[in-house]
Amino acid sequence: MIVERPIITSLLDTDAYKINMGSVVFHLFPKAKVVYEFINRNNVRFPTGFAAELQNQINLLSKVRLTEQESEWLKKINYLRPTYIEWLGSLKMNPNEVEITEHDGNLKVKVSGYWYRTIFWEVMLMTLISELYFILTDQQMASDWFSKIEVKAARLADVGCHWIDFGTRRRYSYQVQDMVVQIMKKYTSHFLGTSNLHLAMKYGVIPHGTYAHESVMAMSALYGARMANKMWMKHWAEHFEGNVGVALTDTFTTGTFLQDFGSYEARLFDGVRHDSNDPFIWGENMLNHYRSLHIPTGNKRLVFSDNLNVDKYIALDTHFRQWSQPCGGIGTHFTNDVGVRPLNMVIKMTSADFGLGPIPVVKLSDDEGKHTGNKRAIELVKAQLGL
3 MIVERPIITS LLDTDAYKIN MGSVVFHLFP KAKVVYEFIN RNNVRFPTGF AAELQNQINL
63 LSKVRLTEQE SEWLKKINYL RPTYIEWLGS LKMNPNEVEI TEHDGNLKVK VSGYWYRTIF
123 WEVMLMTLIS ELYFILTDQQ MASDWFSKIE VKAARLADVG CHWIDFGTRR RYSYQVQDMV
183 VQIMKKYTSH FLGTSNLHLA MKYGVIPHGT YAHESVMAMS ALYGARMANK MWMKHWAEHF
243 EGNVGVALTD TFTTGTFLQD FGSYEARLFD GVRHDSNDPF IWGENMLNHY RSLHIPTGNK
303 RLVFSDNLNV DKYIALDTHF RQWSQPCGGI GTHFTNDVGV RPLNMVIKMT SADFGLGPIP
363 VVKLSDDEGK HTGNKRAIEL VKAQLGL
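Counted the way this note's numbering counts, the sequence shown spans residues 3 to 389.
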């Protein structure tokens, strides 16, 4: 069986943080080369022939181009540069950058090439892997999947929460995520938008995307782990002139991040994003850090995005709203709570080369189970950071 229809039909069917990070990389690091690898966290077995199906979808994706309508819409995002949007208009995803192997149900995916091009593969590949998996294993949605979305949105709005759809990467299907945004748009005073650029354009909602771990990981190959957070925040803030001001805290543990998040950065950035370990402890630590710098917290954004569901986020929002501006980036719970078991997977950068040869890069999450990279490189970075 080969799924003939293309799963991704728009280059904007991706998360905004990829386009945003891509702009920084395109303008500042055009010669950098990187490698990404697929990590199957729950060791799911893929059906025979999956690699061929995925390769077919990648080949179909290489035929997709940014449309004139999409280019015009991107131009309305004031912080994106015209030079970058013009280049995106000529972007053709190159299947040769992706290497896929499959053996006895074990799927391996490796992406290699110039960072300014390969940066777009992560979200698209995860989307393709997730949707293909459910198609090829013939896992059907439960009959109540549609009503669940309405119930979740109503519950969040009824208690005054604010949230964003973060569900592109591990969705059951495009159709489900489309319905999520369509339904949630009705709650405009609480639903802040979506990370998916295509759906943001389609439904006239705000696209949201800060930066991801890969950006700080790559900086460790250029500046060393000790300066990686500091230098990426510098590049990011200067490139976007203060726009898109949410910083990710746990690339090398939040403790390390806070050493670099001084008065200048804490005042400049609108807020911070949580992605691992206890969110309540993290939130209290962030508020205490702002207070230690004599910075009022009332307008600071705390973005929670680690494996959220409605109950978990309501508890977080109602707890932190008296001191800050909490927001929930909710993903799989919106776009793949349809009666199947979602995949637990990531695609992470493993090396970066800024002209002196490839250097292994790692992620040191607040949750050790989310560390990525080879063991020797992890220990070296820990030693550099005194962890």
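Using N, Cα and C, we set each Cβ at its ideal position, and we do this for glycine too.
| Query | Result |
| --- | --- |
| Nearest-angstrom Cα separation, counted from residue 222 out to residue 262 | 14 Å |
| Inter-stretch contact (C-beta, 8 Å, three-pair minimum) for the region 334-349 and the region 172-186 | yes |
| Secondary structure, alpha helix (DSSP H): runs of 4+ residues fully inside the region 143-181 | 147-160 |
| Under 8 Å between C-beta atoms of residue 123 and residue 99 | yes |
| Spatially closest choice to residue 251 from 214, 245, 270 and 224, by CA coordinates | 214 |
| Straight-line gap, residue 185 to residue 152 (C-alpha atoms, nearest Å) | 7 Å |
| 3 or more residues per run - each beta strand (DSSP E) lying fully within the region 171-240 | 193-196 |
| For residue 327, the first and last residue of its enclosing beta strand (DSSP E) | 327-332 |
| For residue 146 and residue 22, the rounded distance between their alpha carbons | 36 Å |
| Residues that DSSP places opposite residue 254 in a beta bridge | 366 |
| Contained alpha helix (DSSP H) runs [length at least 4] in the region 82-142, N- to C-terminal order | 84-90, 117-120 and 123-138 |
| DSSP three-state assignment for residue 384, whether helix, strand or coil | helix |
| Exposure of residue 1, with buried meaning 16 or more beta-carbon neighbours within 10 Å | Since the displayed the chain opens at 3 and closes at 389, residue 1 lies outside it and no answer follows. |
| Outcome for residue 44 when other beta-carbon atoms lying within 10 angstroms are tallied against a minimum of 16 | exposed |
| For residue 42, the three-state DSSP class (helix, strand or coil) | strand |
| contact_flag[the region 347-355, the region 31-41] where n(CB pairs < 8 Å) is 3 or more | yes |
| Option nearest residue 330 by Cα separation, candidates 345, 368, 314 and 341 | 314 |
| Which of helix, strand or coil DSSP assigns to residue 34 | coil |
| Straight-line gap, residue 389 to residue 272 (C-alpha atoms, nearest Å) | 28 Å |
| Rounded separation between residue 82 and residue 26 - CA only | 10 Å |
| Three-way DSSP call (helix, strand, coil) for residue 304 in this model | strand |
| Integer-rounded CB distance, given that residue 230 should sit under 8 Å from residue 270 | That pair is no contact at about 18 Å. |
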